[in-house]
Structure formats: C-alpha cells, structure tokens
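Enquirer:
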DNA sequence: CATGAATGAGTGTTCATTCAT
DNA sequence: AATGAATGAACACTCATTCAT
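Chains as they are written, first to last, in this note's numbering: chain S, 294 to 483; chain F, 294 to 483; chain L, 294 to 483; chain P, 294 to 483.
This is the structure we're talking about:
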C-alpha cells in the first residue's frame, strides 16, 4: 500500500527507524493498525520493503555512472552521480542510514544494502582503475571511504545539521573526490 | 564509577545507545540498578559523562595537529592525526556516533559535540589555508565532508563492518585526504 | 471505561490513593495495563476523571439544600442533606479524601474539590444566616468545621472504623449540627 | 535519638508519612542511613516511637479536662482543652493523622491511637453526661463526631489549608461544641 | 557507635502486535 | 479488506534496607 510506504518513509526520516512508532506511521498514513499488519508482518518488514525499492534505485544509479577521467568531463560525470545520490538519499535516507548504521538485525535488509553498495562501489572502483590512478593497495578501502563520506554528508544535508548550500556542497565534494580519488590535478573546478 | 563508565561504553558500542538497556550496562558492570542510579540520573546522564571525557580527548587531539604541507612531512602529520582519531574513536565511538547521528535531544551533549568537532574542524581548516589550497568556496563544506568521512570510516572499522586492515585503511585515507583536501600531487604515498 | 472507573474507586477505597497500585486496579477491572493507559494518562488522571463526576454530584447536592430553621422541618432538611452526603461519600470517598487530605499535587483535581466544597459551604452558610444564628465571627470557620466533621465521620463510617449504626450516627450528627450550627434549642430530636 | 525523632516529625508533617523518604529524614537529622536503622527497625518503627510519645501527651490532656457545664466556666474549660489539643496536634500531627486515616497496618500503632482517643472520648463523654445532656442514643457516635471534627480542623489549620485565624477558629469551635454537644444555650460567646 | 555505598524487589509506563467485528 | 480496542512483555526508575568498614 503506497500510503504506508510514503508514511513510513516520512516518519522514519523524522524520528529515525528505532524511535518511529507504528502508531506514528499509521496515523501519518491515515489508516489503522490492523491495516498496517495486513500488508506488513511488522515494522521491520516495512523497512525491508522500502529497502527493496531503494536498492533498485541505487543499482540503476550505479549502472548510469560513465567514465570519470581527470578532466572536466570526468568532473561533470562525478557531479552528476553525486546529484543522483542526493536525490535517492532524499527519498530513501532512512533505509540508507539503517544500512550504514547497522540498525537492524535482519539478514535480508542487510543483504540488499550490501548488494546495492557493492554495485556502486564496484562501478566507482572500475572507473578509478580506468582513470589510471593507483590510489590504494586495497581498492575496497578507498571505495569504502568514498561511500562513507557520501552517506554522512547526505545525512547531514538531509537532517539540516550542516548549514551549507547544497550546490556548494556538491561542488566541493566533487572536487575533493575528483582529486582525492580520481587523481585530478589541484586547481579550480571548472 | 569507572566500572559503569567502561560497561556503558562497551554496551553502547555493542547495541547502540538507544537499543542499550540499563539492565545490560548494569550486568556488564556486574553491579545493580540501584548503583547505576546512584551515580547517574539516567541513561542519558551516563552518555553525557562519557561525552565530557571524549570532548576533552578530541580537543587535545585538535591542539596537537601540526602543519600539513603537500610534502611527505605533511602526509606523516596527517597520518599521525588519523591514527589519534582512530584511538579516540575506538574508546568513545558511541559518543561520537551519538553526536553525528543526532541520537539524543540533550542540549549539553550536543554542545559538547559541536565544541569538540569545531575545535578539530577549525584546526584542519587552518592547516588547509596554510597549505595554500583553494579547495572550496566554503571551507565548512570541505571540513564537514572530511569529518564525515573520518567518522563513518572509523565506525565501519570499529564495528567490523569493513573488513580491511587498519593500517591499509589509514594509508588510503591519508593519501586521499592529502590529495583531495590538502592539494598534494597524485602519485604513490611515501 | 466504566470497568476501570469502578475498579479504581474500589481499589482507592481499599488501599488509599497513594498505596493503590495500577496493577491492583487493572486486576480488579479484569483488564490489562495497556488498556488502563489507553483510557488514562496515569493513575492521577483516573482520580481526576473520578473527581469530575464527584464534583458534579456534590454540586447537585448543594443545590438541593432547602431552608434549615431551628424547628423540626429544619432538622429533617438537615437530615436529608446528611443522608445525601453519605450516599455520595460511599461512592466517591477516595476522591473526597484526596481533596481533604491534600494527597495530590494536581491543580485541576484541587480546583474541582475547592469548587464542590465551596458550593456546599456557601449554601450551608446561607442557610445559617437565614436561620438568624450569629454563630461565628468568621462564617468560613464554622462552615469549615462543619465540612470537616462531615468528611471525617463519613470516612470513619465508610472504612468501618467507627462501629456505629449509620442511622444512629446520622441522627446524632443532625442533632449536633442543628444545635451547634443552626441554633436549635437543646432537647430530644423529633 | 532525639535528632531522628524531630527530623521524622518534621518530614512526616511536610510530606506525609507515606511520601516521606527515609533519606529525607536522615538528611534532615544530619545523620546517616546506618544510624537510622541502628535506632529503628524501619520507618514504621519510628512512627511507632512517636506514637508512644503522642499517646502520653493525649492521655495527660484527657486527664486534665475539668467539668464542662453550660455556663461560661464550661466554655472556658472547653476552650482550654481545645487549645491543648491544638498544641499537641502541632507537635504530633502526622501521628494523629496516621491514626485517623488508617495509614499503617501496624497493630501496636493502632492500639496506641485507640487507647489515646478512647481516653479523651471517655472523659468528654463523662463531662457530657455530667452536663445532663442527652445528646445521643449512642454516646460513641457523638464523641466520634467530636473527635473527627477536632482532628480535621486541626489538620486544616496545621497544613495551612484553612486560612482562618487560629483564635477565631478556636472560639468558633468552642461555641459550636458547647452548644451542639454540651447543650449550652444559643447566644454570643463570653 | 556511626557511616554511606550497594542492593534488588517493586512500580509506573510504553508500544508492537493481535483479533473479534 | 479494514478497523481499533485490547493485550502484556519489556523497560526505566525508586527507595527501604543491609553490611563491610
């Protein structure tokens, strides 16, 4: 039921997954407790359903990442990916947070998260190798750091904890990542 | 009481602040509920006490950050700071997570976190300016991204979610940050 | 929910408001803790709800008090009022005790009690003035003493602490009050 | 230990017997929990010890009640007794309340209260019979009502719930009782 | 005699989940 | 399909009482 999906997303975003009460979700969806349990086995089951959607979004995002060279085109491609990630985070933030912060014990939710992040990580790693940078002995370390930075910055942006203009933040991030991970030379961004 | 501090840290780290039960902490400290409430007003009060210690540690860490130039010395200084941060995170991870993830409503805990992170952020920002890099229109954005990456990578390391050797991770992080934030040229690390 | 009202009244009467456990009430009502908190915010909230009902009863009782002269008709009217008070006390004793003994901090409960007792006190004071007795410099003192005696005697009757036949007690009270407060001449009651 | 007696009395008076915490008493007496349990088996035991003192006071008071005729001398004697009761209530209010309100299960405390009130009741009853009044079929009913009024008025005075000058209250009470219980004729008090 | 840190049984309250309608 | 009243296990917190020093 769409109403419950949306309400769940909203309440999870506002209160956080653990603090979110089924009652809040049900009221936000203008429906009843009975209906909730008609569609979902429990609160975690709703998160799981949302995780499926989110994982699909992120996988599509990963597939769309083009070559990222050290030049201006690479910068633009990177900027595009970051922008896409922000969009997805805005919608599925609580799910992504649950993955990153290990908030749920559920194996299936975990699996979906690992799969989605692996897809993005693998693509970014591939793009790094194409760019010829020998950034890390262990590529996983680099990709992990990159994803970590992305998630946290997005959380800070979404939760209004970081009072920075979104465009400025994206430019800054893109430049840092372009240089730090893709070996672009120092100097002003395009 | 040291026993409760340590037990609190341990349980918060294992279960997370919100999921942590006073009962878990009390059992981990091999003491009683009564004793817990003899020393702390409630669970949040314990977190607050831990936050005070953590903030002191981080402030000291910030004060110790020397100049970070684009050369090998700068790399080493950066590596040293990262190593210090890992040590503090290993001990006070739950407190730092509570700060970053906005888990508590308490004003005082928040204030301590903002103060500590501002101290580090200000010092790093200063070092970036000294390094002559014009990394970002908005320095706060850069520093925010840097701190975000640090926290998340450390969480991943501490919670064993990232199966990467710690030294490799630190080298990778140092290189990325050295290039991305301090304008060091691409190339192998020293 | 009627079940909880009645059970609350019963348990408050048996154990006293403070000693009464929510668990006792819930068990007496043959329902669950959850249900209790579905209808009342807490134990005090139940007392508040009961106080509303009691205050209504007492206000009606006050409105019904007719003229009380020094003659036999006055005696009968007084007897009627006392009988009505006994009935209300039998039902709402714990609420009235809470008012008299200042057992709760809640402003609203207090207000209800003051209002109800003021209604009765004002009416009785009026009847005393009509009876032409100049009983006290300060009418409030007389009315206060009267209400105090009433409440305490009723408590003693209701709690079985006073092993006296109710009719005898009411006759005695009526005679005492008729003489002491309404200036009826000494002599046997009608 | 005198300190604990006084502190107990004070705290019982302020918070009420049930709400009074051993911790409050101990702090008021500027001593320790250990010391408290050195002298008293528990909180109730302290009340019991205070009850012994109070019962002695009341018995003495009862013994001192002289003849109460319908004349001015009777009024003065009654006034003297009431004044004495106020003094005792001021000191031992919590004990007397505990008796009247049946706050404790302890048999011994109960027994002391019954004994003390019986002593006063018996004496007053005797004085009523001497005064030739045939107030009640059941003298116990009359005495009960009298004692009830006394206790409640004193509580109201002591707890500042009744904002009436003490002397005015005593005059009013004396007049009411003189007329209502001892058959004095209506008219202004001496 | 005196202390006060430690205890743990007991209490109020919350909230995910069920099920009769 | 939809409802929402009812449930009870689980949790935070209190405070009378003990006992090693």
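Glycine included, C-beta positions come from ideal geometry on N, C-alpha and C.
Just to confirm before moving on: does the CB-CB distance between residue 445(L) and residue 445(P) stay below 8 Å?
Expert: Translated into positions along the third chain, residue 445(L) becomes position 152. Translated into positions along the fourth chain, residue 445(P) becomes position 152. Closer than 8 Å, so yes.
Enquirer: What's the C-alpha gap between residue 322(P) and residue 381(P)?
Expert: The residue given as residue 322(P) occupies position 29 in the fourth chain. The residue given as residue 381(P) occupies position 88 in the fourth chain. Their backbone Cα atoms lie some 22 Å apart in a straight line.
Enquirer: Assuming residue 325(P) contacts residue 463(P) (C-beta within less than 8 Å), just tell me the rounded distance between them.
Expert: On the fourth chain, residue 325(P) is found 32 positions in, with the first residue counted as 1. On the fourth chain, residue 463(P) is found 170 positions in, with the first residue counted as 1. No, residue 325(P) and residue 463(P) are not in contact; Cβ-Cβ is about 41 Å, not under 8 Å.
Enquirer: Evaluate residue 466(P) with the Cβ neighbour count: other Cβ atoms within 10 Å of its Cβ, from every protein chain shown; 16 or more gives buried, anything less gives exposed.
Expert: As a working note, residue 466(P) is residue 173 in the fourth chain. So residue 466(P) counts as buried.
Enquirer: Counting Cβ pairs, one atom from each stretch, are 3 or more of them under 8 Å apart for the segment 470 to 480 of chain S and the segment 407 to 416 of chain F?
Expert: Taking 8 Å as the limit for Cβ pairs, the verdict is that the segment 407 to 416 of chain F does not touch the segment 470 to 480 of chain S.
Enquirer: Please state if the CB of residue 448(S) and the CB of residue 390(S) are separated by a distance shorter than 8 Å.
Expert: Taking the first residue of the first chain as 1, we reach residue 390(S) at position 97. Taking the first residue of the first chain as 1, we reach residue 448(S) at position 155. Yes.
Enquirer: Going by DSSP, what residue range makes up the alpha helix (DSSP H) through residue 335(S)?
Expert: The sequence position of residue 335(S) within the first chain is 42, counting from 1. Here residue 335(S) belongs to no alpha helix (DSSP H), and DSSP marks it neither H nor E.
Enquirer: Considering only the alpha carbon of each residue, which of 309(P), 373(P), 298(P) lies closest to residue 332(P)?
Expert: Mapped onto the fourth chain, residue 332(P) falls at position 39. Residue 332(P) has its Cα closest to that of 298(P), out of 309(P), 373(P), 298(P).
Enquirer: Can you give me the start and stop residues for the alpha helix (DSSP H) that residue 471(S) sits inside?
Expert: In the first chain, counting from the first residue as 1, residue 471(S) sits at position 178. Residue 471(S) -> alpha helix (DSSP H) spans 459 to 473.
Enquirer: State the start and end residues of the unbroken alpha helix (DSSP H) segment that holds residue 294(P).
Expert: Sequence index remark: in the fourth chain, residue 294(P) carries index 1 (1-based). First-last for residue 294(P): undefined, no H or E at that position.
Enquirer: Taking the alpha-carbon positions, what's the residue 453(F) to residue 411(S) distance?
Expert: Indexing the second chain from 1 puts residue 453(F) at position 160. Indexing the first chain from 1 puts residue 411(S) at position 118. Computed Cα separation, rounded: 17 Å.
Enquirer: Return no unless some Cβ of chain F is closer than 8 Å to the Cβ of residue 326(S).
Expert: Indexing the first chain from 1 puts residue 326(S) at position 33. Not one chain F Cβ lies under 8 Å of residue 326(S).
Enquirer: Enumerate, from N- to C-terminal direction, the unbroken beta strand (DSSP E) stretches of 3 or more residues contained entirely within the segment 363 to 401 of chain F.
Expert: With a minimum length of 3 residues, no continuous beta strand (DSSP E) run stays inside the segment 363 to 401 of chain F.
Enquirer: Specify the secondary structure class of residue 326(F) as computed by DSSP and reduced to three states.
Expert: Position 33 of the second chain, counting from 1, holds the residue named residue 326(F). Helix.
Enquirer: Confirm, please, whether the CB-CB distance from residue 477(S) to residue 387(S) is below 8 Å.
Expert: Within the first chain, numbered from 1, the residue matching residue 387(S) stands at position 94. Within the first chain, numbered from 1, the residue matching residue 477(S) stands at position 184. No. Outside cutoff.
Enquirer: At a Cβ threshold of 8 Å, is residue 352(S) touching chain F?
Expert: Taking the first chain and counting its residues from 1, one reaches residue 352(S) at position 59. No, residue 352(S) does not count as interfacial toward chain F.
Enquirer: In this structure, how does DSSP classify residue 316(L) when only helix, strand and coil are distinguished?
Expert: The residue labelled residue 316(L) in the question sits at position 23 within the third chain. Correct three-state label for residue 316(L): helix.
Enquirer: If you count every other CB in all the chains shown that lies within 10 Å of the CB of residue 423(F), and 16 or more means buried, which is it?
Expert: As a first step, residue 423(F) must be located in the second chain, where it is residue number 130. Residue 423(F) comes out exposed.
Enquirer: So, is the C-beta of residue 457(F) closer than 8 Å to a C-beta in chain S?
Expert: To locate residue 457(F), count along the second chain from 1; it is residue 164. Cβ-Cβ to chain S under 8 Å: yes for residue 457(F).
Enquirer: Who are the near neighbours of residue 348(P) in its chain, counting only those whose CB is closer than 8 Å to its CB and skipping five residues on each side?
Expert: Here residue 348(P) refers to the residue found at position 55 of the fourth chain. 405, 406, 408, 409.
Enquirer: Residues of chain P with CB under 7 Å from residue 462(L), in chain order?
Expert: Within the third chain, numbered from 1, the residue matching residue 462(L) stands at position 169. Those are 434, listed as they occur along chain P.
Enquirer: Between the C-alpha atoms of residue 352(L) and residue 399(P), what's the straight-line distance to the nearest angstrom?
Expert: Looking up residue 352(L) in the third chain gives position 59. Looking up residue 399(P) in the fourth chain gives position 106. Straight-line Cα distance between these residues: approximately 38 Å.
Enquirer: In chain order, what residues of the same chain have a beta carbon less than 8 Å from the beta carbon of residue 354(L), not counting five sequence neighbours either side?
Expert: Locating residue 354(L) in the third chain gives position 61, counting from the first residue. Only 374, 377, 378, 381, 413 meet the Cβ criterion.
Enquirer: Taking residue 445(L) as part of the alpha helix (DSSP H), name the residues at either end of that continuous run.
Expert: For this step, residue 445(L) is matched to residue 152 along the third chain. Residue 445(L) -> alpha helix (DSSP H) spans 432 to 451.
Enquirer: Say whether chain L places a C-beta atom closer than 8 Å to the C-beta of residue 470(P).
Expert: The residue given as residue 470(P) occupies position 177 in the fourth chain. Yes, residue 470(P) counts as interfacial toward chain L.
Enquirer: Helix, strand or coil for residue 359(S) per DSSP?
Expert: In the first chain, residue 359(S) corresponds to position 66, counting from 1. Of the three classes helix, strand and coil, the one that applies to residue 359(S) here is coil, per DSSP.
Enquirer: Are the Cβ atoms of residue 343(L) and residue 301(L) separated by less than 8 Å?
Expert: Locating residue 343(L) in the third chain gives position 50, counting from the first residue. Locating residue 301(L) in the third chain gives position 8, counting from the first residue. In this structure, residue 301(L) lies closer than 8 Å to residue 343(L) by Cβ.
Enquirer: Among 385(S), 394(S), 456(S), 294(S), which one has its Cα closest to the Cα of residue 432(F)?
Expert: Here residue 432(F) refers to the residue found at position 139 when the second chain is read from its first residue. Of the candidates 385(S), 394(S), 456(S), 294(S), the one whose C-alpha sits nearest the C-alpha of residue 432(F) is 456(S).
Enquirer: For the candidate residues 396(S), 468(S), 402(S), 439(S), whose alpha-carbon lies nearest to that of residue 426(F)?
Expert: As a position in the second chain, residue 426(F) is number 133, starting the count at 1. The shortest Cα separation from residue 426(F) among 396(S), 468(S), 402(S), 439(S) belongs to 468(S).
Enquirer: Check whether the Cβ of residue 373(F) lies closer than 8 Å to any Cβ atom in chain S.
Expert: Along the second chain, one-based indexing puts residue 373(F) at 80. With 8 Å as the cut-off, residue 373(F) does not count as an interface residue toward chain S.
Enquirer: Give the secondary structure of residue 302(F) by DSSP, where H, G and I count as helix, E and B as strand, and everything else as coil.
Expert: Here the question's residue 302(F) lines up with position 9 in the second chain. Here residue 302(F) sits in helix by DSSP.
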